[in-house]
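Peer 1: Per the working numbering, residue 215 is the first one in the sequence shown, and the count goes up by one each step. From the three backbone atoms N, C-alpha and C, an ideal C-beta is built for every residue, glycine too.
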Amino acid sequence: MEYGSTASSGITCYQQRPPPLPERPPLPEGKDYHVFFSYRNTEEDRKWTRNVIMELESRGFKCCDHELDFLPGKEIIQNIKEYIKRSVKTVLVFSKEYNESLYCKIEVHYSLHMSLSEHKHILIPVKREDCEIPEDLEFFTWIDAREDIHLWFPQFLAAIKAPGI
């Protein structure tokens, strides 16, 4: 939105308002990412997750995507542990294929372990499509993302911004 001011010469000058402050909370010490995304490496899941990441990054959040951020040459399990530790929250993107992946199971196990051992709310399970819910996560509240993004994104954003109490 623009606003005008009249200079002493009588000419009205228009300037743009400064952009709004980012919605994201500051990163705590020792954290490099607001969100670590755990998803199955299929074309559909990758595309869906990258769209959500773009939406978050447009709001100033820093997101970890294993395809882009994991250190090449390092064991995958070590990368998983390190990047989950370096992230404030972990988003588990559940699809039909998610539970078939060994690495996704490791990400669930490790992030669940961290959440329980640190007594912090770091897990955000998201149901992208109809699929089986792992027993370990049945007691968590889910984000139902099977509908249009505008219907569930506000709740998702609130979960990401919520302190890890």
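Less than 7 Å between the beta carbons of C345 and K310, yes or no?
Peer 2: Yes; because the gap between Cβ atoms is below 7 Å, this pair is in contact.
Peer 1: Output the distance between the C-alpha atoms of F284 and L365, rounded to the nearest integer angstrom.
Peer 2: Rounded to whole angstroms, F284 to L365 spans 31 Å at the Cα level.
Peer 1: Can you tell which of Y253, K276, V302 has its C-alpha closest to the C-alpha of E243?
Peer 2: Closest option to E243, Cα to Cα, is V302.
Peer 1: Taking the alpha helix (DSSP H) that S252 falls in, what are its first and last residues?
Peer 2: First-last for S252: 247-252, but that is the beta strand (DSSP E), not the alpha helix (DSSP H).
Peer 1: Can you list, in chain order, the residues of its chain with a C-beta nearer than 8 Å to that of I363? Leave out the 5 residues immediately preceding and following it.
Peer 2: Around I363: N265, V266, E269.
Peer 1: Under 6 Å Cβ to Cβ from Y297, same chain only, skipping five residues before and after it: list those, please.
Peer 2: Counting only Cβ-Cβ distances below 6 Å, and skipping sequence neighbours, we find F250, C278.
Peer 1: Who are the Cβ neighbours of I320 in its own chain at under 8 Å, not counting the five residues just before and after it?
Peer 2: Counting only Cβ-Cβ distances below 8 Å, and skipping sequence neighbours, we find I291, I294.
Peer 1: With distances taken between CB atoms, is the gap from G274 to R300 smaller than 7 Å?
Peer 2: No, Cβ-Cβ distance for G274 and R300 is not below 7 Å.
Peer 1: When DSSP labels each residue in this structure, what does F367 get in the three-state scheme?
Peer 2: Here F367 sits in helix by DSSP.
Peer 1: Considering I291, what are the terminal residues of the alpha helix (DSSP H) in which it resides?
Peer 2: Start and end: 290-299.
Peer 1: Does DSSP put D358 in a helix, a strand or coil?
Peer 2: Of the three classes helix, strand and coil, the one that applies to D358 here is strand, per DSSP.
Peer 1: L337 and F354 look like a contact to me (Cβ under 8 Å); what is the Cβ gap, rounded to whole Å?
Peer 2: About 6 Å separates the two Cβ atoms, so the contact holds.
Peer 1: Who does I338 pair with in a DSSP beta bridge?
Peer 2: DSSP output for I338 lists V305 as bridge partner(s).
Peer 1: Name the DSSP bridge partner or partners of D279?
Peer 2: Answer is F251.
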